[in-house]
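Notes for the one structure printed next.
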């Protein structure tokens, strides 16, 4: 059941990226991750509240993050994760999270998202998450790891489309 | 297809763009540029937008829905109270349809959904501008 929820976020992220990239992204199988886990050096986290509670976060290597910024800004190259690059990545998480929540709410949920926060640095680890699933997504800009950690606050119907 | 439009006197349309995302503001600036328009103000919330509207009196306002301090629906209400002829285009993420409907009920003229490519947004905004104003296309 949790896997189905994480797939909403992967599909939403792919939908958003399709606005900016020509080649379709490929979504890999979800893997359950337990305990404290290492994350890549650029991570954007977005909180979820409502009928499901938890968080959604996107992880990138720095080169992938910069390349995604380039795609999202219509070919403008990025060499550093400056304020505007960070704003671009936060907007990606915001748009993807908003879209996923819309899909979940269309299926009976009542969720809201919190504003995104970006973390940059090496050897970062994230803990305190429950029922966390990781879905790798392969894109023209490199791999993005999509993480969804959700616990049911109230029941949400199973996804109608597999 | 040429996207550039001008007022009948040949001057560019003047835009106030409102969004709390620097990324979306940049995409909107690219959109306005494709239309041959002029960005006369950029605001990151409704409060800033109200101040800039009074100062700049733009032809068109584009506004996000969810913003700090004053959101898009309240902004539309306040703008309409200030200027019943205001032309507002909402720029919204998927999932805020109810608030978009509320904004349109309050006087907004149209909406576009985020994310967008500037060229696609320009086509949509051009068609709205052509309905709302007398325009001159630029060859």
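Protein chains in written order, with our numbering: chain A, 3 to 164; chain B, 5 to 143.
Just so you know, even glycine gets a beta-carbon here, dropped at the ideal spot from N, CA and C.
Do you know how far the Cα of residue j is from the Cα of residue i?
i, j, result
"residue 50(A)", "residue 58(A)", "7 Å"
"residue 162(A)", "residue 109(A)", "Low confidence applies here, because residue 162(A) scores a pLDDT of 45, under 50, leaving its location unreliable and the question unanswered by this model."
"residue 67(A)", "residue 56(A)", "24 Å"
"residue 59(B)", "residue 74(B)", "18 Å"
"residue 42(B)", "residue 100(B)", "28 Å"
"residue 126(A)", "residue 47(A)", "13 Å"
"residue 131(A)", "residue 28(A)", "25 Å"
"residue 21(A)", "residue 32(B)", "15 Å"
"residue 126(B)", "residue 96(A)", "23 Å"
"residue 115(B)", "residue 146(A)", "31 Å"
"residue 12(B)", "residue 63(B)", "13 Å"
For the beta strand (DSSP E) that residue i lies in, which residues bound it at each end?
i, result
"residue 65(A)", "That residue, residue 65(A), is in no beta strand (DSSP E); its alpha helix (DSSP H) goes 64 to 74."
"residue 118(B)", "114 to 118"
"residue 113(A)", "113 to 115"
"residue 67(B)", "64 to 67"
"residue 157(B)", "For chain B, the structure presents residues 5 to 143; residue 157(B) sits outside this window and is missing."
"residue 11(B)", "9 to 11"
"residue 139(B)", "139 to 141"
In three-state terms, what does DSSP make of residue i?
i, result
"residue 59(A)", "strand"
"residue 20(B)", "strand"
"residue 78(B)", "helix"
"residue 134(A)", "strand"
"residue 40(A)", "strand"
"residue 101(B)", "helix"
"residue 20(A)", "helix"
Need the endpoints of the alpha helix (DSSP H) that residue i sits in, please.
i, result
"residue 94(A)", "85 to 108"
"residue 50(B)", "50 to 60"
"residue 90(B)", "No alpha helix (DSSP H) holds residue 90(B); DSSP gives it neither H nor E."
Could you pull the DSSP bridge partners for residue i from this structure?
i, result
"residue 146(A)", "62(A), 139(A)"
"residue 154(A)", "54(A)"
"residue 120(A)", "46(A)"
"residue 29(A)", "139(A)"
"residue 47(B)", "22(B)"
"residue 9(A)", "Note: residue 9(A) sits in no beta bridge, so no partner."
Below 8 Å between beta carbons is the criterion; list the residues of the region 121 to 140 of chain B that meet it against any residue of chain A, in chain order. 121, 122
Residues from the region 3 to 37 of chain A in contact with chain B, defined by Cβ distance under 8 Å: 18, 21, 22
Contact set between the region 87 to 112 of chain A and chain B, restricted to residues whose Cβ is under 8 Å from the partner: 89, 90, 92, 93, 96, 97, 100, 101, 103, 104, 107
Taking Cβ-Cβ distances below 9 Å as the criterion, which residues of the region 94 to 123 of chain B are in contact with chain A? 97, 98, 99, 100, 101, 118, 119, 120, 121, 122
Using a Cβ-Cβ cutoff of 9 Å, what residues of the region 36 to 55 of chain B are near chain A? List them in chain order. none
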